[in-house]
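Below: one structure, written as structure tokens.
Residue numbers (our numbering): 3 to 326.
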């Protein structure tokens with residue numbers, strides 16, 4: 003039996019990770035800890051999982067730890083898990099500052115702990131197929147890329163800059179950056195970014211556009227906005243359009259949906275195909291059992307956060323920024 007604990011249940015993905023793992027006969031969700039006691043109580047009831055008053059007690063009773071707290075507390079919880087020698091699956095972004103991300107990676111390395119990042123897009127069958135096609139030269143030389151990660155404005159702690167570290171740019175840049183890094187075996191070298199609060203009354207940006215120069219020479223643009231209205235039938239998208247000298251490829255990673263109409267619930271959209279959270283948590287279980295490096299690790303989280311940090315700096319200074 004593999005015992006998993008949940009540190010922080012602020013992020014909605016925490017619920018989906020628990021549900022994915024509870025469907026496995028050889029996994030036990032030991033419990034949940036959250037700074038917000040009322041939120042912890044609600045999650046404990048909804049997920050039928052025990053709540054703990056102290057994170058250290060919970061971690062000590064576990065084989066692995068999932069961190070699904072607010073972005074600003076990722077470092078605190080990862081450090082607790084690392085001190086107890088427990089492998090960690092951390093929600094994205096890795097942290098709200100590069101310094102925190104580096105400290106998280108360091109303490110995991112010192113304690114021989116594997117730090118897995120919650121970048122589920124890499125686990126998609128369509129993304130894996132795209133990587134194979136690109137590697138085999140089907141598209142020729144890659145010329146440029148256009149990406150989107152649209153979504154609804156999530157509200158709550160996501161629009162509190164002290165807890166989230168930023169708005170749409172922080173929330174939606176990292177998925178696409180990580181996917182492109184993996185697809186092209188490249189790094190992001192330069193960024194010019196603009197963003198604003200145009201749609202919602204929030205303290206953080208809800209719209210953003212970024213232009214990147216990749217280490218492999220291509221340019222890429224990304225729209226990372228919270229621009230989906232509440233009435234949109236489903237949450238959002240992650241798309242990447244890749245143009246090559248011999249062909250093009252278009253990825254629409256979350257578009258495996260069917261429309262369902264019923265007299266009880268009306269019209270709704272249901273996903274089919276890959277359950278990316280299931281694949282992500284399956285990888286985490288394999289990491290716990292084998293001790294190997296995960297497909298998406300802390301260094302990947304750091305690289306994505308460095309791009310985000312450079313994008314914010316680009317807007318503040320009104321110029322293109324070199325990414326370290």
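Ideal Cβ placement from N, Cα and C applies to all residues, glycine included. Here the structure is a predicted model, which means the values were calculated and not measured.
Exercise. Under a three-way DSSP split, which group does residue 325 fall into?
Worked result: Counting from 1 along the chain shown, the entry for residue 325 is found at position 323. Correct three-state label for residue 325: coil.
For this session: Have a look at the DSSP bridge pairing and note the partners of residue 209.
Result: Numbered from its first residue, the chain shown carries residue 209 at position 207. Looking at the DSSP assignment, residue 209 forms a beta bridge with 198.
For this session: Please name the residue, chosen from 117, 61 and 183, that lies closest to residue 149 on a Cα-to-Cα basis.
Result: For the purposes of this step, residue 149 is identified with residue 147 of the chain shown, where counting begins at 1. Residue 149 has its Cα closest to that of 183, out of 117, 61 and 183.
Exercise. Going by other Cβ atoms of all chains shown within 10 Å of its Cβ, with 16 needed for buried, is residue 252 buried or exposed?
Worked result: For the purposes of this step, residue 252 is taken as the residue at position 250 of the chain shown. With fewer than 16 neighbouring CB atoms inside 10 Å of its own CB, residue 252 falls in the exposed class.
Exercise. If we ignore side chains and look at the alpha-carbon of each, how far apart do residue 311 and residue 99 end up?
Worked result: Taking the chain shown and counting its residues from 1, the one referred to as residue 311 is at position 309. Taking the chain shown and counting its residues from 1, the one referred to as residue 99 is at position 97. Going from the Cα of residue 311 to the Cα of residue 99 covers about 8 Å.
For this session: State the DSSP-derived secondary structure class of residue 115, mapped to helix, strand or coil.
Result: As a working note, residue 115 is residue 113 in the chain shown. Note: residue 115 maps to coil in three-state DSSP.
For this session: Count the other C-beta atoms from every protein chain shown that fall within 10 angstroms of the C-beta of residue 326, then say buried if there are 16 or more, exposed otherwise.
Result: Here residue 326 refers to the residue found at position 324 of the chain shown. Label assigned to residue 326: exposed.
Exercise. What is the C-beta distance between residue 9 and residue 67, in whole angstroms, given that I count them as a contact (C-beta under 8 Å)?
Worked result: Within the chain shown, numbered from 1, the residue matching residue 9 stands at position 7. Within the chain shown, numbered from 1, the residue matching residue 67 stands at position 65. Taking 8 Å as the upper bound for CB-CB distance, residue 9 and residue 67 are in contact here, some 6 Å apart.
For this session: Apply the 10 Å Cβ neighbour rule to residue 306 and answer buried if 16 or more other Cβ atoms are within range, or exposed otherwise.
Result: Along the chain shown, read from residue 1 onward, the residue named residue 306 stands at position 304. With 16 or more other Cβ atoms within 10 Å, it is buried.
Problem set entry | Closest Cα partner of residue 297 within the set 124, 132, 175 and 154 | By 1-based counting over the chain shown, the position of residue 297 is 295. That would be 124, whose Cα lies nearest to the Cα of residue 297.
For this session: Mind checking which residues open and close the beta strand (DSSP E) that includes residue 222?
Result: For the purposes of this step, residue 222 is taken as the residue at position 220 of the chain shown. Per DSSP, residue 222 belongs to the beta strand (DSSP E) from 221 to 225.
For this session: Work out the CA separation of residue 204 and residue 228 for me, nearest whole Å.
Result: The residue given as residue 228 occupies position 226 in the chain shown. The residue given as residue 204 occupies position 202 in the chain shown. One alpha carbon belongs to residue 228, the other to residue 204, and they sit about 11 Å apart.
Exercise. Alpha carbon to alpha carbon, what distance is there between residue 172 and residue 122?
Worked result: Working through the chain shown from its first residue, we reach residue 122 at position 120. Working through the chain shown from its first residue, we reach residue 172 at position 170. Going by the C-alpha atoms only, they are around 17 Å apart.
For this session: Check whether the Cβ atoms of residue 73 and residue 95 sit closer than 8 Å, and answer yes or no.
Result: Taking the chain shown and counting its residues from 1, the one referred to as residue 73 is at position 71. Taking the chain shown and counting its residues from 1, the one referred to as residue 95 is at position 93. Result yes, Cβ atoms of residue 73 and residue 95 sit closer than 8 Å.
Exercise. What span of residues does the beta strand (DSSP E) with residue 35 cover, start to end?
Worked result: To locate residue 35, count along the chain shown from 1; it is residue 33. Per DSSP, residue 35 belongs to the beta strand (DSSP E) from 29 to 35.
Exercise. Among all the DSSP beta bridges, which residues are the ones paired with residue 92?
Worked result: The residue labelled residue 92 in the question sits at position 90 within the chain shown. Bridge partners of residue 92: 69 and 119.
For this session: Under 7 Å Cβ to Cβ from residue 246, same chain only, skipping five residues before and after it: list those, please.
Result: Position 244 of the chain shown, counted from the start, is the residue given in the question as residue 246. 141, 142, 143, 144 and 145, listed in sequence order.
Exercise. By how many angstroms is the C-alpha of residue 110 removed from the C-alpha of residue 80?
Worked result: Here residue 80 refers to the residue found at position 78 when the chain shown is read from its first residue. Here residue 110 refers to the residue found at position 108 when the chain shown is read from its first residue. Looking at the two C-alpha atoms, the distance is approximately 8 Å.
Exercise. Taking the alpha carbon of residue 292 as the point to measure from, which residue in 65, 152 and 61 has its own alpha carbon closest?
Worked result: Here residue 292 refers to the residue found at position 290 when the chain shown is read from its first residue. It is 65.
Problem set entry | Three-state secondary structure assigned by DSSP to residue 7 | As a position in the chain shown, residue 7 is number 5, starting the count at 1. Correct three-state label for residue 7: strand.
Exercise. Enumerated in chain order, which unbroken segments of the alpha helix (DSSP H) with a length of 4 residues or greater are wholly contained in the stretch 125 to 171?
Worked result: 127 to 137 and 163 to 166, all fully within the stretch 125 to 171.
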